[in-house]
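Residue numbers (this note's numbering), protein chains in the order written: chain A, 1 to 454; chain B, 1 to 444. All C-beta atoms in this analysis are idealised placements derived from N, C-alpha and C, irrespective of residue type, glycine included. Being a predicted model, the structure only gives us computed values, none of them experimental. Structure first, then comments.
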Amino acid sequence: MDIMEKLIEESSADYAEARFHRREKNQIILRKSELEDITSDVYSGVGIRVLHDGAWGFSSINITDESALKDALETAVRMARATSRKKKDKVQLHEVAPVVGEFHPDIKDPLSNHSLEEKIELCKEADKAVLSHSDIKSSFIYYQELVDEKWIVTSEGSNVRITDSKPQFYVGAVAGSGDNLVNYIDAIGNTAGWELLKQRPLEVMIEKATSTAQKLLHAKYPKGGKATVILDPGLVGLLCHEAVGHTMEADLALSGAVTKDKVGEQVASEKVTMVDSGKTHAGGWIPVDDEGVECQDVVMIENGILRNFLHNRETAFIMDAEPTGNARAWEYDLEPLIRMRNTFIQPGDWKEEEIIEETKKGYMLKGAGAGEADMDAQFMFQVKEAYTIENGELGDLLRSVTMIGNAFDVLKTVDAVGDNFGFDMGFGACGKFQPAKVDGGGPSVRCTVLVGGR
Amino acid sequence: MEDENILSVLEPLVHFIEKQGAEGEVFGVKRNEIIVTIERNDIKLCIKQYTTGVGIRTFIKNSIGFSSCNSLSKDIARKTAEKAVNMSRKTPPVPYSGVAVPGSLPDITGLYDPSIETFDEQTAIVKAQQMIEVARKDPRISVDSGEFSVVVREKAICTSSGISAAEKKSRFSWFLICLAREKGEVGSYSYQFGCTARQKELYMEETARSVAENAVLDLHSQKIESFRGDLILGPDAVSNLICTPLIFALNANNVYREQSGLAEKTEEKIASDLMTVQDNSCISGDFNSSAFDREGTPHQQLTMIDSGILKSFMYDSLAAHRENRHSTGNAAGTFREIPKIDIASFIIEKGSHDLDTILKETDKGLLVRRFSGTSDQISGDFSGAVKETQLITSGGVQHSVKEATIGGNVFKILPTINDISVETLRYPKMILPYIKIPDIQFTV
């Protein structure tokens with residue numbers, strides 16, 4: 001840390017930041033009782049980013065002695081010089097108050113208190129329980145923990161140490177035979193210690209995975225078309241993150257995302273207020289970002305009006321806004337990009353049961369599966385469970401359901417927002433050029449979407 | 001220490017592991033790279049870095065341990081080996097697991113182009129700039145993002161079974177994401193990737209031209225009525241929609257674990273006569289080629305589907321040993337991952353008609369360059385929206401299409417494929433053509 005500080009202070013660059021990041025990843029995968037993966041990976045080093053004559057340069061090194069760090073810093077400066085000769089729009093940074101201090105998540109039962117044997121035993125127990133159910137042919141059990149330690153030093157005085165702990169656990173069941181196979185995975189992930197497994201007990205996950213896989217085997221396909229749907233907190237989270245959130249990342253807005261010139265415009269029903277928060281204790285918890293900027297809660301949409309983008313220091317300068325602490329790098333050898341953290345819709349005043357009762361015909365959609373969206377906010381999400389609703393009552397489970405639409409068109413149709421709330425993006429992984437742990441959630445929400453079917 | 005020959009670091013580690021009473025497989029990597037990133041029609045950032053690492057898998061009887069670190073320092077690597085051995089003492093046995101059997105490596109030439117050594121950051125920045133300029137020759141085009149990267153990658157493996165192999169490769173790769181704007185309208189994003197092992201074969205300008213042309217095609221999209229017709233999938237859509245479940249189902253370990261829809265179908269017809277699928281990373285000079293897999297087994301030309309008949313699954317040592325046969329050299333993964341079965345260079349063989357002819361022979365259908373949906377690995381069910389899509393009627397392209405969806409099952413459509421193009425596009429680890437499938441429901 002002292003060496004990093006000294007080098008950054010002495011740097012000839014206009015701005016410099018050094019980020020030491022040590023990540024320990026431990027992972028166990030069982031498939032049908034066979035240990036497919038048992039991994040312990042340590043990935044550690046320093047990423048150095050500098051701004052010189054309006055251009056960025058980046059270099060990283062896995063050795064942390066003074067001479068190696070000095071070389072990496074000199075390389076980063078050389079890269080910035082080379083870039084500045086060709087760069088048209090020179091980068092400038094919004095001023096920020098430096099942050100100094102240590103930040104740790106609220107961990108009740110550290111993962112290091114639990115042995116490898118205990119973690120393997122948990123996976124074996126889940127595997128055995130899944131395979132004990134009739135109709136279940138195969139299983140998929142996955143445990144992963146990411147334990148991070150970071151030090152960030154900037155030439156403008158930020159000096160922070162952050163620790164983090166993010167475990168995740170999946171229970172998957174495959175039902176069927178021959179070429180008629182279906183699967184269901186129940187997943188949890190959070191910023192937590194071993195207490196994660198108390199947030200959704202193992203037996204609940206096993207029951208959910210096995211019973212849903214069994215039901216999906218005999219489920220019918222939906223008929224495609226526009227429909228009234230009620231989204232659970234997981235799908236609301238995915239809608240907030242994937243379809244709306246990316247268009248609110250200032251780098252993508254500047255590139256031409258549909259939100260670019262819409263600040264102050266009504267883009268959603270007035271029942272919708274959407275926030276991105278780093279400090280909220282969920283899967284995307286970060287207190288300070290990788291530019292050493294303290295994380296702010298960002299109200300992206302307030303009562304349906306588009307308000308604020310998510311920024312790093314560069315886009316904040318361009319758009320004359322405050323930096324929001326959204327610059328994140330996955331590992332030491334990657335540069336910080338604008339990424340979301342925990343993105344959610346604030347709860348309303350409907351009971352979830354009331355929303356269902358007052359829905360004549362439609363679908364109850366639950367569970368965030370895979371999803372993707374374009375910068376025009378057109379999205380496609382895989383729905384893990386879809387139930388028909390007829391005259392206010394839940395009906396049959398359907399299989400292979402997707403929801404499709406334009407996020408802002410969909411948000412304009414929101415006519416009921418529940419008073420329930422949860423973060424539930426399962427494993428919560430985002431993949432904008434590099435991975436990031438994120439979370440999303442909200443209350444149950446009723447709206448209109450295009451349901452993909454046959 | 002970081003600069004020395006990788007095998008000289010790996011060999012003592014194998015001896016160390018053996019002294020602890022285990023068998024070992026030690027895989028090491030050195031990677032030197034320059035990456036130039038592009039954002040908003042401009043050069044964004046230049047990165048230069050050097051990465052090393054070692055992944056160590058150990059076996060005590062059939063119990064496995066795996067540990068990795070991003071260092072080739074002898075002390076750190078030895079501690080990593082110790083950790084792997086300790087894990088092997090605690091894990092449940094995996095019958096048939098063990099280090100790979102040595103084999104004769106294929107002679108693949110042209111994987112390393114020495115001219116890469118003089119390729120500096122300034123040259124890489126110029127190449128990235130050229131991509132932007134070519135794409136933006138059409139004023140309607142905006143380059144959202146992109147990348148040009150130059151990598152020298154050395155890998156080596158050493159095992160208790162006597163495997164000792166090393167390889168050095170040069171890799172140039174790039175991509176661009178563009179969109180077109182005209183009269184206040186913005187089209188969908190268009191993406192294209194390119195790569196080569198040799199500097200003289202760089203073709204980024206062709207990629208830039210092609211991605212720009214596709215982005216322009218997507219302007220002025222119109223809504224259509226629901227209909228049944230022909231689906232012509234572009235290579236990117238083939239990758240998402242067809243390859244995802246097909247590659248999963250062709251994995252011999254997934255067959256064993258009863259998660260493959262192709263189990264017990266060897267020598268059965270599972271696809272159209274037109275379809276031949278290989279995994280072939282033995283082509284001299286090819287970007288995806290390499291002499292050995294992540295376990296040190298020789299790569300081979302593996303035909304998995306021959307004229308629609310399922311011929312073989314992909315095997316690693318575990319799956320091969322279980323069935324008392326040879327590995328097909330399909331163990332894959334980085335030094336940070338335990339080896340698992342995957343493709344090395346997956347090729348759907350090109351057909352005999354060019355895309356223009358395929359379109360001319362289409363009465364009514366959609367040409368779908370991108371599929372924004374899910375294709376379930378296990379069931380093969382797919383559902384989602386079509387993107388970068390044009391309506392084809394009476395053999396001609398009419399206009400781009402807004403908001404249509406498709407659904408079906410990959411294993412059920414494979415036998416119905418009725419044309420495959422001569423043209424192919426490259427993706428990381430794949431070479432794919434256009435594929436035509438009849439009688440698909442398009443819903444709006």
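{"Query": "6 Å Cβ shell around Q20 (chain B) - same chain, five flanking residues per side excluded", "Result": "V85"}
{"Query": "Any beta strand (DSSP E) of 3 or more consecutive residues that is wholly inside the stretch 14-52 of chain A", "Result": "15-31 and 34-52"}
{"Query": "Straight-line Cα distance separating G256 (chain A) from E2 (chain B)", "Result": "Per-residue confidence for E2 (chain B) stands at a pLDDT of 48, beneath the threshold of 50, marking its modelled position as unreliable; the derived number appears in the next sentence. Whole-angstrom Cα-Cα distance: 44 Å."}
{"Query": "Backbone CA spacing between A271 (chain B) and D424 (chain A) [nearest angstrom]", "Result": "39 Å"}
{"Query": "I404 (chain A) - partner residues in DSSP beta bridges", "Result": "A:M380 and A:L450"}
{"Query": "Alpha-carbon spacing of Q259 (chain B) relative to S400 (chain A), whole angstroms", "Result": "17 Å"}
{"Query": "N- and C-terminal bounds of the alpha helix (DSSP H) containing S345 (chain B)", "Result": "Note, S345 (chain B): premise wrong, no alpha helix (DSSP H); not H, not E."}
{"Query": "Exposure of N460 (chain A), with buried meaning 16 or more beta-carbon neighbours within 10 Å", "Result": "The requested residue 460 (chain A) is not part of the displayed model; chain A covers only 1 to 454."}
{"Query": "Top-ranked residue by Cα proximity to S307 (chain B), from B:N251, B:E267 and B:Y191", "Result": "B:E267"}
{"Query": "M430 (chain B) - partner residues in DSSP beta bridges", "Result": "B:F346 and B:Y427"}
{"Query": "Short-range partners of chain C found in the stretch 382-412 of chain A, where Cβ spacing is below 9 Å", "Result": "Although the question refers to chain C, the structure presented lacks it and instead comprises the protein chains A and B."}
{"Query": "Min CB distance L122 (chain A) to chain B below 8 Å", "Result": "no"}
{"Query": "Short-range partners of chain A found in the stretch 180-194 of chain B, where Cβ spacing is below 7 Å", "Result": "V186, S188 and Y189"}
{"Query": "Interface residues of the stretch 166-195 of chain A facing chain B [CB-CB below 7 Å]", "Result": "V174, D179, L181, V182 and N183"}
{"Query": "Short-range partners of chain B found in the stretch 42-62 of chain A, where Cβ spacing is below 9 Å", "Result": "V42, Y43, S44, G45, G47, R49, A55, W56, G57, F58, S59, S60, I61 and N62"}
{"Query": "Short CB-CB distance (under 8 Å) between P92 (chain B) and chain A", "Result": "yes"}
{"Query": "Cβ pair K447 (chain B), N418 (chain B) closer than 8 Å", "Result": "Here chain B covers residues 1 to 444 and nothing more, so residue 447 (chain B) does not appear."}
{"Query": "Listed by chain order, chain B residues near D2 (chain A) by CB distance under 7 Å", "Result": "The contacting residues do not exist; D2 (chain A) stays about 22 Å from chain B at best."}
{"Query": "Cutoff 8 Å; reference R89 (chain B); Cβ partners in own chain excluding five residues on either side", "Result": "I60, S63 and G65"}
{"Query": "I455 (chain A): contacting residues in chain B (beta-carbon distance under 8 Å)", "Result": "For residue 455 (chain A) there is no data in the structure shown, the boundaries of chain A being 1 and 454."}
{"Query": "Element boundaries [beta strand (DSSP E), containing F411 (chain B)]", "Result": "Looking at the DSSP string, F411 (chain B) is not in any beta strand (DSSP E); the run it does join, the alpha helix (DSSP H), is V410 to I413."}
{"Query": "Residue(s) in a DSSP beta bridge with H353 (chain B)", "Result": "B:S421"}
{"Query": "One or two residues paired with A165 (chain B) in a DSSP bridge", "Result": "B:I157"}
{"Query": "Bridge partner(s) assigned by DSSP for V417 (chain A)", "Result": "A:V445"}
{"Query": "I286 (chain A) to S115 (chain A) span [Cα, whole Å]", "Result": "27 Å"}
{"Query": "Inter-residue spacing [alpha-carbon to alpha-carbon] between A192 (chain A) and E322 (chain A)", "Result": "30 Å"}
{"Query": "Under 9 Å (Cβ pairs) to chain B, residues found in the stretch 310-323 of chain A", "Result": "none"}
{"Query": "8 Å Cβ cut-off: residues of chain A touching F172 (chain B)", "Result": "Result: empty, since nearest Cβ-Cβ is about 18 Å, beyond 8 Å."}
{"Query": "Distance between N308 (chain A) and D356 (chain B) (C-alpha atoms, nearest Å)", "Result": "47 Å"}
{"Query": "Beta carbon proximity, R31 (chain A) to chain B, threshold 8 Å", "Result": "yes"}
{"Query": "Stretch pair the stretch 289-297 of chain A + the stretch 241-260 of chain A: three plus CB contacts closer than 8 Å", "Result": "no"}
{"Query": "Interface residues of chain A facing N70 (chain B) [CB-CB closer than 7 Å]", "Result": "Y43, S44, G45 and N62"}
{"Query": "The stretch 128-157 of chain A: positions lying closer than 7 Å to chain B by Cβ", "Result": "K137 and S138"}
{"Query": "Bounding residues of the alpha helix (DSSP H) (the contiguous stretch that carries C240 (chain A))", "Result": "No alpha helix (DSSP H) contains C240 (chain A), which DSSP labels as neither H nor E."}
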